[in-house]
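Novice:
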C-alpha cells in the first residue's frame, strides 16, 4: 500500500495542476440492457436463490470515484454516462446514437453476449473502445474478436488453466467430469478438457447429469452412480448450481470436488488478503454494501485501465488511449501481485487467477514451476502461437 501511495505521489508531483478552466472531461459510458436475465433472481423450484449476480454499475462508479484525485492532478475530469438498451432497441444503433449525442467513445459493456457480439462487430472500425468485464466466452477472443474490444474479464481458458495447474501440482491427475445440460455448462467443460490436455491431466470419464427426479433417468441424476470408477478428483460444470451443490461428500469415492463447486478458479475473490486486496475489497463493500465479485473486479479494472492510459499519455483522444493500452508500457496494478497488461493478439488482460473455496483463497495461478518464454501469465489462456484471433 505504501508503494502505491509513493507511486501516486510521484505522478502528482510530476504534473502541475492546470487551472479549472483548462480541465478536460473524459466521459465513460456504462452500457446495460433493461431486463437483463442474468441479473434477475433465479429461483429454483423450492424458491431458493442459489447464485445471485449483480450489475456492474457499482464497480464502475467505484473505479471513477477512486480516480478523482489523480484526475484533478492531470487536469482530466472522469465522468460517467449510462446507456440502458430498451427491450426492442437494436444495440449497435442505440450505441451509435449515444456516441453522437454524448461524444463518449469509451464504453464499458455490461450486456448479454449476443448484444456484445453484435455491437463489437458493427462498431469495430469506428474510433471507439469497448471494454468487456463480464463475458468469459472464448469466441469473443477467437473468431469474434475485434481490435476495439478489450477484455478485463478472465477467459474460460484462463480460469480452466489456473485450476488445471493446481490439480497438476497436487498430483490429482485423474479427473472425472460431470457436465450439466445447459450450454454454459458445455462451454466451461470444453475449456477444462482443453486445459487437461495442456497440463497433462487424464479425463477418466465424462458423464452428463440431469437435475430431475424422473426414475427413468436415474443413471443421470444419482450421484452414487455417476461417481463410480477410479479418479482423483471430480470436476463439475454446473453454472446454475442446482445439481452440483449435492456432489461434495456424496461421491462414491472420497474425493475432492472442483469446478463450479468446491474448489473454483476466478478472477477475484472477496477473501483475497495479499497485495493490498483487503483495502480494495473494503472500499468496494462500503460503497456497494456487498462483497466484490470477479466481474466487479473486472469492471473496476476496466475503468482503472483507461485512467492509467490517460495518466501516462496526458491525452483523452480515444486512439491514443487504445494505442497505449495495447503497448508494452501499459501496466495495471490489479491488487493480485503480478501487474497485468493487454495481449496484443486478442486484447485479453493478462492477470493472475485465484483458486478458492467459498470462503478462502487457496492459491494463485500461474503457480510456481509453470514456465513461459516471455511471461508466466501467458501459461493461462490462449498463447500467441495458437491464437485464432486475427485483427
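In the working numbering, the protein residues as written are 641 to 1031.
For glycine and all other residues, C-beta sits at the position ideal for the given N, C-alpha and C.
None of these values were measured; they are calculated from a predicted model.
(1) Between the alpha carbons of residue 1012 and residue 902, how many angstroms are there, rounded?
(2) Per DSSP, which one or two residues make a beta bridge with residue 722?
(3) Kindly give me the distance between the Cβ atoms of residue 758 and residue 731, rounded to whole angstroms, as I take these residues to be in contact under 8 Å.
(4) Keeping to the same chain, check which residues put their C-beta closer than 8 Å to that of residue 970; ignore five residues upstream and five downstream.
(5) What are the residues that DSSP puts in a beta bridge with residue 996?
(6) Along the chain, where does the alpha helix (DSSP H) that runs through residue 879 open and close?
(7) Rounded to the nearest angstrom, how far is the Cβ of residue 787 from that of residue 764, given a contact under 8 Å?
(8) I need the DSSP call for residue 1019, collapsed to helix, strand or coil.
(9) Could you tell me which of 750, 760 and 998 sits nearest to residue 885, measuring between CA atoms?
(10) According to the neighbour-count rule (16 or more other Cβ atoms, all chains shown, within 10 Å of its Cβ), is residue 974 buried or exposed?
(11) Secondary structure at residue 665, three-state DSSP: helix, strand or coil?
(12) Could you pull out every residue in the same chain whose Cβ sits closer than 7 Å to the Cβ of residue 829, ignoring the five residues on either side in sequence?
(13) Can you give me the Cβ contacts of residue 838 inside the same chain, cut-off strictly under 8 Å, excluding the 5 residues immediately before and after it?
(14) Does the count of Cβ pairs from the stretch 888-896 and the stretch 918-926 closer than 8 Å reach three?
(15) Identify which residue in 840, 905, 846 and 995 has its Cα closest to the Cα of residue 868.
(16) DSSP three-state call for residue 700: helix, strand or coil?
(17) Please name the residue in 783, 904, 756 and 795 whose C-alpha comes closest to that of residue 1002.
(18) The beta strand (DSSP E) that contains residue 899, what's its start and end?
(19) Buried or exposed, going by whether 16 or more other CB atoms sit within 10 Å of the CB of residue 1024?
(20) Restricting to Cα atoms, I'd like to know which of 1009, 874, 794 and 1007 is closest to residue 934.
(21) Any idea which residues DSSP pairs residue 842 with across the strands?
(22) Along the chain, where does the beta strand (DSSP E) that runs through residue 772 open and close?
(23) In whole angstroms, what is the alpha-carbon distance linking residue 1000 and residue 678?
(24) Between the Cα of residue 1031 and those of 771, 750 and 785, spot the shortest distance and give me the residue it belongs to.
(25) Return the CA-CA distance between residue 754 and residue 843, expressed in angstroms with no decimal places.
(26) Looking at the unbroken alpha helix (DSSP H) that takes in residue 611, where does it start and where does it end?
(27) To the nearest whole angstrom, what separates the beta carbons of residue 744 and residue 807, a pair I think is in contact under 8 Å?
(28) Buried or exposed: where does residue 614 fall if 16 or more other Cβ atoms within 10 Å of its Cβ makes it buried?
(29) Under a three-way DSSP split, which group does residue 982 fall into?
(30) When DSSP labels each residue in this structure, what does residue 849 get in the three-state scheme?
(31) Please report the distance separating the alpha-carbon of residue 930 from that of residue 713.
(32) Could you tell me the alpha carbon to alpha carbon distance between residue 740 and residue 993, rounded to whole angstroms?
(33) Could you work out which residue in 913, 862, 937 and 957 is closest to residue 924 when comparing CA atoms only?
(34) Please work out which residues of its chain come closer than 7 Å, Cβ to Cβ, to residue 673, disregarding the five sequence neighbours upstream and downstream, and give them in chain order.
(35) So what's residue 1013 in DSSP terms, helix, strand or just coil?
Specialist: For this structure:
(1) 29 Å
(2) 670
(3) 6 Å
(4) The answer, listed in chain order, is 945, 948, 949, 952, 964, 981 and 982.
(5) Residue 996 pairs with 904 and 1001.
(6) Judged by DSSP secondary structure, residue 879 falls outside any alpha helix (DSSP H); it is assigned neither H nor E.
(7) 7 Å
(8) helix
(9) Ranking 750, 760 and 998 by CA distance to the CA of residue 885 puts 998 first.
(10) buried
(11) strand
(12) 817, 819 and 877
(13) 801 and 804
(14) no
(15) If we check each option's Cα against that of residue 868, 846 comes out closest.
(16) Here residue 700 sits in helix by DSSP.
(17) Here the closest residue by C-alpha is 904.
(18) 897-899
(19) exposed
(20) Ranking the options by Cα distance to residue 934, first place goes to 794.
(21) Its beta-bridge partners are 814.
(22) 769-772
(23) 25 Å
(24) That would be 785, whose Cα lies nearest to the Cα of residue 1031.
(25) 32 Å
(26) Residue 611 is absent from the model: the chain starts at 641 and stops at 1031.
(27) With a Cβ gap of about 44 Å, residue 744 and residue 807 do not count as contacting.
(28) Because the chain in this structure spans residues 641 to 1031, residue 614 falls outside the shown range and cannot be described.
(29) strand
(30) coil
(31) 31 Å
(32) Going from the Cα of residue 740 to the Cα of residue 993 covers about 38 Å.
(33) 937
(34) Contacts found: 725, 751, 752 and 755.
(35) coil
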